[in-house]
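> Protein chains in written order, with the working numbering: chain A, 1 to 147; chain B, 1 to 316.
Even for Gly, the Cβ is constructed at its ideal location relative to N, Cα and C.
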Amino acid sequence: MIAKALMKDLLIGLRRTFYYCFTKPITVQYPKEKLTPFPRFRGFIRLVKDEETGRYKCIACGQCARVCPSQCITVKGEGKGKERQPVEFNIDFSRCIYCGFCVEICPVGGLENSSFYEGATYDIDWLKFDIDKLSEDYKKWERTFKK
Amino acid sequence: MWHDLGLALLRIVIVFAVALFFVAYLTYLERKIIGHMQVRMGPMRVGPHGLLQPIADGLKLFFKEDIVPTEAYRLTFYFAPILCLVCALVLFAIIPVDKNFMITRLNIGLLYVLSIASVGVMGIILAGWSSGSKYSLLGGLRSAAQMFSYEIFLGFSLIGPLMIAGSLDLVKIVEAQKVPLIVYQPVAFVIYLIAALGEINRVPFDLPEAESELVAGFHTEYSGMKFAYFFLAEYANMLIVSAIATIVFLAGWKGPVLPGWLWFLIKMSIFVFFFIWVRATFPRYRYDQFMGIGWKIMLPLVLANIVVTGIVMMLV
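(1) According to DSSP, which residues form a beta bridge with A:I45?
(2) Using the beta-carbon of each residue, which ones in chain B are nearer than 8 Å to A:Y20?
(3) Since B:C84 contacts B:F230 with CB under 8 Å, what's their CB separation in whole angstroms?
(4) Nearest by alpha-carbon distance to B:A264: which of B:N237, B:K99 and B:I164 is it?
(5) Start and end of the alpha helix (DSSP H) containing A:P37?
(6) Compile a chain-ordered list of the residues in the region 87–100 of chain A whose CB is closer than 8 Å to at least one CB of chain B.
(7) Leaving out five residues on either side along the sequence, give the residues of the same chain with a beta carbon under 8 Å from the beta carbon of B:R318.
(8) Do the region 86–100 of chain B and the region 251–266 of chain B meet, that is, are 3 or more Cβ pairs less than 8 Å apart?
(9) Between B:F189 and B:I200, which are expected to be in contact by the criterion C-beta below 8 Å, what is the C-beta distance as a whole number of angstroms?
(10) Is it true that the CB of B:F156 sits closer than 9 Å to the CB of B:L303?
(11) List, in order along the chain, the chain A residues whose C-beta lies closer than 8 Å to that of B:F282?
(12) Within the 9 Å Cβ cut-off, does B:M238 reach chain A?
(13) Below 7 Å CB to CB, which residues in the same chain sit around A:I105 once its five sequence neighbours on both sides are set aside?
(14) Could you pull the DSSP bridge partners for A:Y151 from this structure?
(15) Can you check whether the CB of B:L207 is closer than 9 Å to the CB of B:S143?
(16) Can you check whether the C-beta of B:W263 is within less than 9 Å of a C-beta belonging to chain A?
(17) In whole angstroms, give me the CA-to-CA distance for A:T74 and A:F41.
(18) Would you check if the region 68–78 of chain B and the region 104–118 of chain B touch, i.e. whether three or more CB-CB distances between them fall below 8 Å?
(19) Can you list, in chain order, the residues of its chain with a C-beta nearer than 6 Å to that of A:R84? Leave out the 5 residues immediately preceding and following it.
(20) Using a C-beta to C-beta distance shorter than 9 Å, which residues of chain A count as neighbours of B:I33?
(21) Run down chain A in chain order and give the residues with a C-beta less than 7 Å from the C-beta of B:M44.
(22) Among all the DSSP beta bridges, which residues are the ones paired with A:I91?
(23) Are A:T27 and B:R31 touching if we call contact CB-CB under 9 Å?
(24) If I measure Cβ to Cβ from B:E61 and keep anything under 7 Å in the same chain, skipping five residues before and after, which residues do I get?
(25) Evaluate contact between the region 87–96 of chain B and the region 43–51 of chain B, counting only Cβ atoms and requiring at least three cross-stretch pairs below 8 Å.
(26) Quick check: the Cα distance between B:G42 and A:F22, rounded to an integer number of angstroms?
(27) Could you check the C-alpha separation between B:N305 and B:L59 for me, to the nearest Å?
(28) Check whether the Cβ atoms of A:S114 and A:F38 lie closer than 9 Å to each other.
(29) Leaving out the 5 sequence neighbours to the left and right, which residues in its chain are closer than 8 Å to A:Y30 when beta-carbon positions are compared?
(30) Is the distance from the Cβ of B:F218 to the Cβ of B:S136 below 9 Å?
(31) Which residues in chain A have a C-beta closer than 9 Å to the C-beta of B:W277? List them in chain order.
(32) Return helix, strand or coil for A:Q29, following the three-state DSSP convention.
(33) Which whole-angstrom value is the C-beta distance of B:M298 and B:A165, which I expect to be below 8 Å?
(34) Pick out whichever of B:Y28, B:V272, B:M291 and B:D66 has its Cα sitting closest to the Cα of B:Q53.
(35) Spatial neighbours of B:E221 within its chain, please: CB distance less than 7 Å, with the 5 preceding and 5 following residues excluded, ordered by chain position.
If you want it as structure tokens, here you go:
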């Protein structure tokens, strides 16, 4: 009764908000500061090149294109056996759902997830990656939102 | 004569410039404080730490299209926000910021504040009624019930301090306080704060606006500068209520060392901070709870407070 008359529960609430008033905000001010994604973050997909030979690891088996739920991958390959290489490899990131199935199913580790995630753009064609763009260093993809 | 007129005009300009500046930056302060209380940052983008945000908001509202619904009663629809704003701003005329600094000294100052404040309520009711929208009408109805009943408690809670101070003149009230009146009248003080929250539509009692129930209540249909008038009026009212609390309960400009006007501003900003703090903390009361608090708890308490004050004054 006395506690109610003194509005104890209300005062507890007020104390709580007052305490939080002096804690550090958890906001990350996005374009200015960015969080580093976790190591296994599934960002944009990259096509991996073999560092020694400079050839694609991909053997154009087409399993990624088959497993892709949103069917945004198209592959065309040339050559026989171990010489087989992709000549066309397109991923349409405007349709990609970043499930990572293609990376998982690849028998030779020819694809990898980068930590790039800033796919908001004014130009939808920018999101349609061809084989050269896919094998670029993903740092090149980073751009500012100002045009 | 011209000298007096010039002085009066100068005072008016200073007081209104400062008041409007405060009102504008109060919106910034509110967003900032609530942001930090919710572990956010509040406005950060416009200017350093978002300091130019109120100016950007003002410009945006100024250049916005002015929409009048076809169902609206045009005359009252235009008139209501102006009434609201004028009633709020006119109250600054009698606030004594320092012993000698006020636009005018009125011997019935407090009565003037209470009466003009109740005319201001009319603006909200007219706005709700003339918008031609269900939500606005409901908001207007609610504010009618809310503000008329909470005005009673607001007035009654000031009677106790008035009996001790023995005057309605705001300057005399301050001068009569050797010790701030909050010491003698703690109950009246608490009830004043609660009633003030109800009177200025602040959050635990923001039933006329009630975003989650009534879209925006009485100003649903308003846009552009007319909406800005309501907005300014709300914050101006907040300043007025804080100023009155400072004068009546915390001995106005009185205080050691610092100049009087600074003391006044410090004490007033304590109240302003409190109102923002409350907004960041509490959810809205249900309508029946709100009326219950008023008529079943606050009214008996405030009447008892007057009776006890009277008896003690007779005995001492």
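For this structure:
(1) Within the first sequence, numbered from 1, the residue matching residue 45 of chain A stands at position 45. Under DSSP, A:I45 forms a beta bridge with A:N113.
(2) Residue 20 of chain A sits at position 20 when you count from the first residue of the first sequence. Here the neighbours are H36, M37, Q38 and V39.
(3) Start at 1 with the first residue of the second sequence, and residue 84 of chain B comes out as number 84. Start at 1 with the first residue of the second sequence, and residue 230 of chain B comes out as number 230. Cβ atoms of B:C84 and B:F230 come within 8 Å of each other, at about 6 Å.
(4) For the purposes of this step, residue 264 of chain B is taken as residue 264 along the second sequence, with counting starting at 1. Just to set this straight, residue 264 of chain B is Phe in the shown sequence, not Ala. Taking each of B:N237, B:K99 and B:I164 in turn and checking the Cα distance to B:F264, the smallest one comes out for B:K99.
(5) Here residue 37 of chain A is taken as the residue at index 37 of the first sequence, counted from 1. Element bounds for A:P37: n/a, residue is neither H nor E.
(6) Residues passing the 8 Å Cβ filter: none.
(7) In the structure as shown, chain B starts at 1 and stops at 316, and residue 318 of chain B therefore has no counterpart that could be examined.
(8) Segments in contact, yes.
(9) Taking the second sequence and counting its residues from 1, one reaches residue 189 of chain B at position 189. Taking the second sequence and counting its residues from 1, one reaches residue 200 of chain B at position 200. No, B:F189 and B:I200 are not in contact; Cβ-Cβ is about 17 Å, not under 8 Å.
(10) The residue you call residue 303 of chain B lines up with position 303 of the second sequence. The residue you call residue 156 of chain B lines up with position 156 of the second sequence. Result yes, Cβ atoms of B:L303 and B:F156 sit closer than 9 Å.
(11) As a first step, residue 282 of chain B must be located in the second sequence, where it is residue number 282. Simply L10 and G13.
(12) Reading the second sequence from its first residue, position 238 is the one you call residue 238 of chain B. Not one chain A Cβ lies under 9 Å of B:M238.
(13) Along the first sequence, read from residue 1 onward, the residue named residue 105 of chain A stands at position 105. Cβ within range, chain order: Q63, C64 and V67.
(14) Residue coverage of chain A in this structure runs from 1 to 147, which leaves residue 151 of chain A outside it and unanswerable.
(15) The sequence position of residue 143 of chain B within the second sequence is 143, counting from 1. The sequence position of residue 207 of chain B within the second sequence is 207, counting from 1. In contact: B:S143 and B:L207 (Cβ atoms closer than 9 Å).
(16) Mapped onto the second sequence, residue 263 of chain B falls at position 263. With 9 Å as the cut-off, B:W263 does not count as an interface residue toward chain A.
(17) For this step, residue 74 of chain A is matched to residue 74 along the first sequence. For this step, residue 41 of chain A is matched to residue 41 along the first sequence. In this structure, the CA atom of A:T74 is about 24 Å from the CA atom of A:F41.
(18) Here the region 104–118 of chain B does not lie against the region 68–78 of chain B, with fewer than 3 beta-carbon pairs under 8 Å apart.
(19) Here residue 84 of chain A is taken as the residue at index 84 of the first sequence, counted from 1. Once the five neighbours on either side are set aside, the close Cβ partners of A:R84 are I59, A60 and G77.
(20) What you label residue 33 of chain B is simply residue 33 of the second sequence in a count that begins at 1. Result: C21.
(21) One-based indexing of the second sequence puts residue 44 of chain B at position 44. Chain-ordered, the chain A residues with CB closer than 7 Å to the CB of B:M44 read Q29.
(22) The count along the first sequence starts at 1 and reaches residue 91 of chain A at position 91. Paired residue(s): A:I73 and A:F129.
(23) Here residue 27 of chain A refers to the residue found at position 27 when the first sequence is read from its first residue. Here residue 31 of chain B refers to the residue found at position 31 when the second sequence is read from its first residue. No, Cβ-Cβ distance for A:T27 and B:R31 is not below 9 Å.
(24) Here residue 61 of chain B corresponds to residue number 61 of the second sequence, with the count starting at 1. The question names Glu, yet the displayed sequence has Leu at residue 61 of chain B. The answer, listed in chain order, is G224, M225, F227 and A228.
(25) No contact exists between the region 87–96 of chain B and the region 43–51 of chain B.
(26) Counted from its first residue, the second sequence places residue 42 of chain B at position 42. Counted from its first residue, the first sequence places residue 22 of chain A at position 22. A straight-line Cα-Cα distance of about 14 Å links B:G42 and A:F22.
(27) On the second sequence, position 305 is the one that residue 305 of chain B refers to. On the second sequence, position 59 is the one that residue 59 of chain B refers to. Looking at the two C-alpha atoms, the distance is approximately 47 Å.
(28) Translated into positions along the first sequence, residue 114 of chain A becomes position 114. Translated into positions along the first sequence, residue 38 of chain A becomes position 38. Not a contact, by the Cβ cut-off of 9 Å.
(29) Indexing the first sequence from 1 puts residue 30 of chain A at position 30. Here the set comprises nothing.
(30) In the second sequence, counting from the first residue as 1, residue 218 of chain B sits at position 218. In the second sequence, counting from the first residue as 1, residue 136 of chain B sits at position 136. Yes, Cβ-Cβ distance for B:F218 and B:S136 is below 9 Å.
(31) The residue given as residue 277 of chain B occupies position 277 in the second sequence. Neighbours of B:W277 in chain A, taken as residues at a C-beta separation under 9 Å, are given in chain order as L14, T17, F18 and C21.
(32) The sequence position of residue 29 of chain A within the first sequence is 29, counting from 1. Annotated three-state conformation of A:Q29 is coil, per DSSP.
(33) Locating residue 298 of chain B in the second sequence gives position 298, where the first residue counts as 1. Locating residue 165 of chain B in the second sequence gives position 165, where the first residue counts as 1. The pair is not a contact, with the Cβ atoms about 22 Å apart (cut-off 8 Å).
(34) The count along the second sequence starts at 1 and reaches residue 53 of chain B at position 53. Measuring from the Cα of B:Q53, the nearest candidate turns out to be B:Y28.
(35) Numbered from 1 along the second sequence, position 221 holds the residue referred to as residue 221 of chain B. Excluding residues up to 5 positions away in sequence, P69, A72, S131, S133 and S136 lie with their Cβ nearer than 7 Å to the Cβ of B:E221 in the same chain.
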